[in-house]
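K.L.:
Protein chains: 2
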Amino acid sequence: MVKEEFKLENQLCFRLYSASRLITQAYHPLLTKQGLTYPQYLVLLVLWEKDAQPVNDIAKRLLLETNTVTPLLQRMEKEGILTRTKGEKDARQIIVSLTSKGKKLQEKLADVPFSMGEAVMCDSVTPDTAPDLFRMLDDIINRLLHKTDI
Amino acid sequence: MVKEEFKLENQLCFRLYSASRLITQAYHPLLTKQGLTYPQYLVLLVLWEKDAQPVNDIAKRLLLETNTVTPLLQRMEKEGILTRTKGEKDARQIIVSLTSKGKKLQEKLADVPFSMGEAVMCDSVTPDTAPDLFRMLDDIINRLLHKTDI
DNA sequence: GTTAATTATATCGTTCACGATGCAAATATA
DNA sequence: TATATTTGCATCGTGAACGATATAATTAAC
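Chain order of the listed sequences is A and B.
Residue numbering for the first sequence follows our numbering, beginning at 224 and increasing consecutively.
Residue numbering for the second sequence follows our numbering, beginning at 224 and increasing consecutively.
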């Protein structure tokens with residue numbers, strides 16, 4: 224008999240991992256129409272909120288390392304979605320700015336958040352309970368971000 | 224002003240994506256000691272529950288495609304954790320079985336589930352509330368698995 | 001004002017994910 | 001029993017993630 228703690232059904236990690244993958248898959252048809260991937264869409268969310276940010280700020284916002292974000296931004300630059308220019312104040316920084324194409328994508332993707340909201344709503348996840356889910360996930364994220372070791 | 228639905232803070236997807244990545248990172252030091260990655264650990268969870276399964280069953284259990292699982296299993300075979308042998312009944316199948324090394328890993332990883340449990344517990348996620356979180360994630364997963372389109 | 005330490009970004013190598021495609025074995029159909 | 005379809009697994013190409021390492025610019029220390 225398998226110990227309870229080793230059963231796949233009892234793993235929080237597997238649920239998060241699967242939910243994350245499946246929701247990314249759900250985004251795929253919506254984003255691929257505009258030639259975007261899901262992490263690229265996240266970059267756009269960050270830049271739509273505040274344009275012209277250094278690589279580091281974008282990475283921090285997405286909780287990613289720069290060695291993940293840099294190639295991502297390079298691909299998006301090649302697609303003409305954004306530009307990467309040397310910082311004037313600090314020559315080490317690369318300032319990432321949206322092109323007009325990048326800005327216009329927001330209108331073209333206007334219905335994506337609503338589509339995804341509907342795709343995810345179900346018996347236990349409703350506008351009423353979503354805040355609880357958000358709080359739990361935020362707590363887990365913060366706990367894992369700030370833990371020194373396990 | 225940025226529309227509410229486009230703010231990173233209002234995205235369920237980003238929370239799931241971040242939580243999943245961070246929890247995988249938390250597993251890393253525990254698993255890397257035994258030369259394992261996180262998806263490889265998931266494969267072991269499946270095989271510890273039931274040894275000698277075809278590739279397809281493992282993939283279905285993990286909600287992954289065989290083109291993801293196959294190379295993963297090939298690497299684990301190279302590490303001597305499992306064997307891949309042709310099915311006797313159905314020659315198309317590859318039966319994946321644990322080696323003694325693969326079986327012994329369960330003892331060496333005995334404290335991992337507990338370590339991860341502690342790493343994740345926080346104010347809003349406790350043994351009391353975890354079932355609610357599990358149910359919500361399961362509902363989201365099932366909804367996304369069974370939706371025809373969005 | 002040199003030298004040392006830090007910071008911002010990039011490069012490299014490995015492992016996933018996953019769409020697209022290929023191939024051989026098994027099954028269904030004519 | 002030929003032929004067509006389906007099924008199980010593998011290969012290939014692309015885009016993440018991420019640890020390790022490198023490089024250049026800035027700042028701190030002496």
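All C-beta atoms, glycine included, are put in the ideal place defined by N, C-alpha and C.
On a predicted model such as this, the values are computed, not experimentally measured, just so you know.
So is the beta-carbon of B:I246 under 8 Å away from any non-hydrogen atom of the ligand GDP?
P.N.:
Inclusion of the ligand GDP in the displayed structure is not the case, the ligand content being empty and no account of it being possible.
K.L.:
Could you check where the beta strand (DSSP E) with B:V319 kicks off and where it finishes?
P.N.:
Residues I317 to L321.
K.L.:
Do the CB positions of A:V292 and A:I304 come within less than 9 Å of each other?
P.N.:
Cβ atoms of A:V292 and A:I304: not closer than 9 Å.
K.L.:
Looking at C-alpha atoms only, which residue of A:L295, A:A333, A:C345 and A:M359 is the closest neighbour of A:T319?
P.N.:
The amino acid occupying residue 319 of chain A in the given sequence is Val; Thr does not appear at that position. Of A:L295, A:A333, A:C345 and A:M359, the residue nearest in Cα terms is A:L295.
K.L.:
When Cβ atoms are compared, which residues of the stretch 307–331 of chain A fall closer than 8 Å to chain B?
P.N.:
Residues passing the 8 Å Cβ filter: Q329.
K.L.:
Quick check on B:Q248 - is its C-beta less than 9 Å from some C-beta in chain A?
P.N.:
Closer than 9 Å: yes.
K.L.:
So is B:Q234 in contact with chain A if we call contact Cβ pairs under 9 Å?
P.N.:
With 9 Å as the cut-off, B:Q234 counts as an interface residue toward chain A.
K.L.:
DSSP has A:Q276 in a bridge; who is on the other side?
P.N.:
The partner list for A:Q276 (beta bridge, DSSP) reads A:V319.
K.L.:
Mind pulling the chain A residues with CB within less than 7 Å of B:K230?
P.N.:
Near B:K230 (Cβ distances below 7 Å), the residues of chain A are E272.
K.L.:
Against chain B, does A:G258 count as a neighbour if the rule is that its beta carbon must be under 9 Å from one of theirs?
P.N.:
Chain B, which has no Cβ nearer than 9 Å to the Cβ of A:G258, makes this no.
K.L.:
Could you check if A:V225 is buried or exposed, using at least 16 other CB atoms within 10 Å of its CB as the buried criterion?
P.N.:
Per the 10 Å Cβ criterion, exposed.
K.L.:
Please specify which runs of the beta strand (DSSP E), each continuous and at least 3 residues long, are wholly inside the stretch 282–319 of chain B, giving them in chain order.
P.N.:
List check, beta strand (DSSP E) in window: 305–309.
K.L.:
May I ask which residues mark the beginning and end of the alpha helix (DSSP H) holding B:E228?
P.N.:
Segment: none, B:E228 is in no alpha helix (DSSP H) and carries neither H nor E.
K.L.:
Could you compute how far the alpha carbon of B:K283 sits from the alpha carbon of A:S323?
P.N.:
Rounded to whole angstroms, B:K283 to A:S323 spans 43 Å at the Cα level.
K.L.:
How would you list, in chain order, the residues of chain B whose beta-carbon sits under 9 Å from the beta-carbon of A:L305?
P.N.:
Simply none; closest approach about 16 Å.
K.L.:
Might you give, ordered along the chain, the residues of its own chain that have their beta carbon closer than 6 Å to the beta carbon of B:L321, omitting 5 neighbours on each side?
P.N.:
Contacts found: L270, D274 and L305.
K.L.:
Please confirm if A:K301 has its CB atom under 9 Å from at least one CB of chain B.
P.N.:
No, A:K301 lies away from the interface with chain B (no Cβ there is under 9 Å from its Cβ).
K.L.:
So which residues of chain A does B:L368 contact, with C-beta pairs closer than 8 Å?
P.N.:
Within 8 Å Cβ-Cβ: L245.
K.L.:
Suppose contacts are defined by Cβ-Cβ distances below 9 Å. Is A:L245 in contact with B:I246 by that definition?
P.N.:
It is not a contact, given that the beta carbons lie outside the stated cut-off.
K.L.:
If we ignore side chains and look at the alpha-carbon of each, how far apart do B:L253 and B:L332 end up?
P.N.:
Their Cα atoms are separated by approximately 8 Å.
K.L.:
Which residues in the same chain have their Cβ closer than 8 Å to the Cβ of A:N279, if we skip the five residues on either side of it in sequence?
P.N.:
So the list reads T289 and Q316, once near-sequence residues are dropped.
K.L.:
At least one CB of chain A closer than 9 Å to the CB of B:T289: is that the case?
P.N.:
Not one chain A Cβ lies under 9 Å of B:T289.
K.L.:
Just the C-alpha distance for A:E228 and B:P336, rounded to the nearest angstrom, thanks.
P.N.:
If I take the Cα positions, the gap works out to 6 Å.
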